[in-house]
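Engineer:
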Amino acid sequence: MDALVAQLQMQYRNYTVSLYQQGFLDDQFTELKKLQDDASPDFVAEVLSLFFEDCVKLIGNMARALDQTGTVDFSQVGASVHQLKGSSSSVGAKRVKGLCITFKEYCEANNYEGCVRCLQQVDIEFKALQTKLQDMFNLEKQIIQAGGKVPQVDIN
Amino acid sequence: MGMAAAEWKFHVLAVDDSLVDRKLIERLLQKSSCQVTTVDSGYKALEFLGLRQGIESNDPTALSTSPQEVEVNLIITDYCMPGMTGYDLLKKLKESSVFKNIPVVIMSSENVPARISRCLEEGAEEFFLKPVRLADLNKLKPHMMRTKLKNQKLEEIENGTEAVEPEIKGSEDMGIKILPLQSELEPKQVHLQVVKQEEETLSNNKRKSMEEGLSTDRPLPRLEGGIATAV
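Heads up: the sequence lines are chains A and B, in that order. Residue numbers for the first sequence follow the UniProt record's numbering, beginning at 1 and rising by one. Residue numbers for the second sequence follow the UniProt record's numbering, beginning at 1 and rising by one.
And the structure:
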């Protein structure tokens, strides 16, 4: 069992590091992990879950605002982008946050094509992150089930 | 002897329209050994404070009927909120004779110097850039201590049990500990401790226990050359 645990732990470490290296996560995600403890053992998963729900809701708002026949209310789109930027920043979703910054600029410039492109990208990006994190959480579960502890991963 | 360390659980009211941020600030504050109440708007914040205050102003010696009523030691609010902004909330609080002494901290995702200085001028104690981190919350401990000690002082004056020494000494003298980050403590336990403590404090036992606590700390008069000098 120890060999399995060690292998899983190494897999987990490598996977986590790659998420940071590929820009999916930034150090705010590390901060979230610091807040997880015995009193709140699923904190990270819970916050991320709320974040992804937020993504669905806000992207829906943006899509509706951009789908107006006639004049688009870019300030309405921008308001949702602002909120998404905020929550992605709070959970360390680096790529999503970066996209929101670009998206916000397009809103301010009333650039319809730019906004539509960003909307598509944000949708792809949050779903990609969701999949990656699900894989990461699954690895954690496997380690625990194999009788091991989830290692603290040092990013740097 | 002073009170046990458990009652120094600061109650923070956190205001943010973002669910993600509410969850985050709640955990940050719990991790910093605070009791937390979160609301999603400035209106709800005022409502929460007003409900409490209504009971107190009607009959200050009455036992609170609801054990959930706890004093608020600090308010931390997001700046950008629909309807009432954090700045609007700050103004309302500072305009109120009842609430103006509760320290207020503003959080914002945007680093706008004009905004920051406006909030500080209006009386905000601190301005935190989001995302807020554990290290930021350590800055709040002195503010919360000040409020707790001030309230205690006011009680002493009211009861005529004011210590001879007017200066509030260092925390060691009064048996107060600045709480370090306590990760061992279950949040539920914390809440129960506070509720329990507050049930006591809202009754007359509070005054009694405070008198008892203070009398042992009050400096004894010194005898110098046959003349008793109050220190």
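Ideal placement from N, C-alpha and C gives every residue a C-beta, glycine not left out.
For a cutoff of 9 Å on Cβ pairs, would you count A/Q76 as touching chain B?
Structural biologist: Reading the first sequence from its first residue, position 76 is the one you call residue 76 of chain A. So no, A/Q76 is outside the interface.
Engineer: Check whether the Cβ of B/A14 lies closer than 9 Å to any Cβ atom in chain A.
Structural biologist: Position 14 of the second sequence, counted from the start, is the residue given in the question as residue 14 of chain B. Chain A, which has no Cβ nearer than 9 Å to the Cβ of B/A14, makes this no.
Engineer: Looking at B/S117: is its Cβ nearer than 9 Å to the Cβ of B/C80?
Structural biologist: Sequence index remark: in the second sequence, residue 117 of chain B carries index 117 (1-based). Sequence index remark: in the second sequence, residue 80 of chain B carries index 80 (1-based). Contact flag unset, no.
Engineer: Measuring CA to CA, which of B/T38, B/R27, B/I76 and B/K92 is closest to A/S40?
Structural biologist: Numbered from 1 along the first sequence, position 40 holds the residue referred to as residue 40 of chain A. Cα-wise, what sits closest to A/S40 is B/R27.
Engineer: I need the DSSP call for A/Q36, collapsed to helix, strand or coil.
Structural biologist: As a working mapping, residue 36 of chain A is identified with position 36 in the first sequence. Reduced to three states, the DSSP call for A/Q36 is coil.
Engineer: How is the alpha helix (DSSP H) around A/Q9 delimited, first residue to last?
Structural biologist: The count along the first sequence starts at 1 and reaches residue 9 of chain A at position 9. Its alpha helix (DSSP H) spans residues D2 to Q21.
Engineer: Give me, in chain order, the residues of the same chain whose beta-carbon lies closer than 6 Å to that of residue 157 of chain A; leave out the 5 immediate sequence neighbours on both sides.
Structural biologist: Residue 157 of chain A lies beyond the residue range present for chain A, which begins at 1 and ends at 156; the question has no answer from this structure.
Engineer: Mind listing, in chain order, the continuous beta strand (DSSP E) runs of no fewer than 3 residues lying wholly within the stretch 86-129 of chain A?
Structural biologist: If we require 3 residues or more, the stretch 86-129 of chain A turns out to have no beta strand (DSSP E) run fully inside it.
Engineer: Since B/A14 is in the beta strand (DSSP E), which residue starts that stretch and which ends it?
Structural biologist: Along the second sequence, read from residue 1 onward, the residue named residue 14 of chain B stands at position 14. Its beta strand (DSSP E) spans residues H11 to V15.
Engineer: For A/D123, tell me which candidate among A/C55, A/T30, A/N138 and A/A3 has the shortest Cα-Cα distance.
Structural biologist: Residue 123 of chain A sits at position 123 when you count from the first residue of the first sequence. It is A/C55 whose Cα lies nearest to the Cα of A/D123.
Engineer: Using a Cβ-Cβ cut-off of 7 Å (strictly less than) and excluding sequence neighbours within five positions of A/L8, which residues of its own chain qualify?
Structural biologist: On the first sequence, position 8 is the one that residue 8 of chain A refers to. Closer than 7 Å at Cβ, skipping near neighbours: L139, Q142, I143, A146 and G148.
Engineer: How is the beta strand (DSSP E) around B/F128 delimited, first residue to last?
Structural biologist: Taking the first residue of the second sequence as position 1, residue 128 of chain B is located at position 128. Counting along the chain, the beta strand (DSSP E) containing B/F128 begins and ends at E126 to L129.
Engineer: How would you list, in chain order, the residues of chain A whose beta-carbon sits under 7 Å from the beta-carbon of B/V20?
Structural biologist: Residue numbering aside, residue 20 of chain B sits at position 20 when the second sequence is read from its first letter. What B/V20 touches in chain A: V47, L50, F51, D54, S87, S90 and V91.
Engineer: Apart from the five residues on each side of it in sequence, which residues of its chain come closer than 7 Å, Cβ to Cβ, to B/P103?
Structural biologist: Residue numbering aside, residue 103 of chain B sits at position 103 when the second sequence is read from its first letter. So the qualifying residues of the chain are L74, E125, H143 and T147.
Engineer: Using a Cβ cut-off of 7 Å, which residues of the stretch 22-35 of chain A contact any Cβ in chain B, in chain order?
Structural biologist: Listed in sequence order: Q28, E31, K34 and L35.
Engineer: What number of angstroms, rounded off, separates the C-alpha of A/A93 from the C-alpha of A/L32?
Structural biologist: Here residue 93 of chain A corresponds to residue number 93 of the first sequence, with the count starting at 1. Here residue 32 of chain A corresponds to residue number 32 of the first sequence, with the count starting at 1. About 11 Å.
Engineer: 9 Å is my cut-off, CB to CB: does B/E93 come that close to chain A?
Structural biologist: The residue given as residue 93 of chain B occupies position 93 in the second sequence. Note that residue 93 of chain B corresponds to Leu in the displayed sequence, not to Glu. By this cut-off, B/L93 is not an interface position.
Engineer: Going along chain B in order, which residues have a C-beta closer than 9 Å to the C-beta of A/Q7?
Structural biologist: Residue numbering aside, residue 7 of chain A sits at position 7 when the first sequence is read from its first letter. The premise fails here: A/Q7 is roughly 30 Å from chain B at the closest Cβ pair, so nothing lies under 9 Å.
Engineer: Comparing the C-beta of A/Q152 with each C-beta of chain B, is any distance below 9 Å?
Structural biologist: For the purposes of this step, residue 152 of chain A is taken as the residue at position 152 of the first sequence. Not closer than 9 Å to any Cβ of chain B, the Cβ of A/Q152 fails to qualify, so no.
Engineer: In this structure, does DSSP put B/T85 in helix, strand or coil?
Structural biologist: Within the second sequence, residue 85 of chain B is the residue found at index 85, counting from 1. Here B/T85 sits in coil by DSSP.
Engineer: Can you find at least 3 beta carbon pairs, one from the stretch 11-24 of chain B and one from the stretch 81-90 of chain A, that sit closer than 8 Å?
Structural biologist: Touching, yes, given that three or more Cβ pairs across the two stretches are closer than 8 Å.
Engineer: By the 10 Å Cβ neighbour count, where 16 or more other Cβ atoms means buried, how is A/M62 classified, buried or exposed?
Structural biologist: Residue numbering aside, residue 62 of chain A sits at position 62 when the first sequence is read from its first letter. When all chains shown are included, A/M62 counts as buried.
Engineer: When we look at the beta-carbon of A/R95 and count the other beta-carbons within 10 Å, is it buried (16 or more) or exposed?
Structural biologist: The residue given as residue 95 of chain A occupies position 95 in the first sequence. When all chains shown are included, A/R95 counts as buried.
Engineer: Would A/F43 count as contacting chain D if we go by Cβ distances under 9 Å?
Structural biologist: Absent from the structure is chain D; the protein chains it does hold are A and B.
Engineer: Rounded to the nearest angstrom, how far is the Cβ of B/L90 from that of B/I76, given a contact under 8 Å?
Structural biologist: Taking the second sequence and counting its residues from 1, the one referred to as residue 90 of chain B is at position 90. Taking the second sequence and counting its residues from 1, the one referred to as residue 76 of chain B is at position 76. B/L90 to B/I76, Cβ: 11 Å. No contact.
Engineer: Please report the distance separating the alpha-carbon of B/F127 from that of B/V112.
Structural biologist: Within the second sequence, numbered from 1, the residue matching residue 127 of chain B stands at position 127. Within the second sequence, numbered from 1, the residue matching residue 112 of chain B stands at position 112. Cα to Cα, B/F127 sits roughly 11 Å from B/V112.
Engineer: Quick check on this structure: which residue in B/L19, B/V20, B/Q30 and B/S18 has the alpha carbon closest to the alpha carbon of B/V12?
Structural biologist: If you number the second sequence from 1, residue 12 of chain B lands on position 12. Checking every option, the nearest Cα to that of B/V12 belongs to B/Q30.
Engineer: Comparing C-alpha positions only, which one of B/K153, B/E47 and B/R133 sits nearest to B/V39?
Structural biologist: Position 39 of the second sequence holds residue 39 of chain B. Nearest C-alpha to B/V39: B/E47.
Engineer: Specify, as a first and last residue, the run of the beta strand (DSSP E) that B/V105 falls within.
Structural biologist: Translated into positions along the second sequence, residue 105 of chain B becomes position 105. Note, B/V105: beta strand (DSSP E), V104 to S108.
Engineer: Which of the three DSSP states is assigned to A/I155 in this structure?
Structural biologist: The sequence position of residue 155 of chain A within the first sequence is 155, counting from 1. If DSSP states are grouped into helix, strand and coil, A/I155 belongs with coil.
Engineer: Quick check: what's the CA-CA separation for A/V81 versus A/F103?
Structural biologist: Your numbering for residue 81 of chain A matches position 81 in the first sequence. Your numbering for residue 103 of chain A matches position 103 in the first sequence. Going by the C-alpha atoms only, they are around 7 Å apart.
Engineer: Got a sec? Which residues, its chain only, sit under 7 Å from A/F52 by beta carbon, not counting five neighbours each side?
Structural biologist: In the first sequence, residue 52 of chain A corresponds to position 52, counting from 1. F126 and Q130.
Engineer: Less than 8 Å between C-beta atoms, sequence neighbours within five positions excluded: which residues of the same chain meet that for B/C119?
Structural biologist: The sequence position of residue 119 of chain B within the second sequence is 119, counting from 1. The residues are Y79, G86, Y87, L90, I106 and F127.
Engineer: Terminal residues of the continuous alpha helix (DSSP H) containing B/V39?
Structural biologist: If you number the second sequence from 1, residue 39 of chain B lands on position 39. It is not in any alpha helix (DSSP H) - B/V39 instead sits in the beta strand (DSSP E) that spans Q35 to V39.
Engineer: Beta-carbon separation of B/F99 and B/L49 under 9 Å?
Structural biologist: Translated into positions along the second sequence, residue 99 of chain B becomes position 99. Translated into positions along the second sequence, residue 49 of chain B becomes position 49. Cβ distance < 9 Å, so B/F99 and B/L49 count as in contact.
Engineer: Just the chain B side, please: which residues come within less than 8 Å of A/Q134 by C-beta, in chain order?
Structural biologist: Taking the first residue of the first sequence as 1, we reach residue 134 of chain A at position 134. Under the 8 Å cutoff, chain B gives no residues; its nearest Cβ is about 18 Å from A/Q134.
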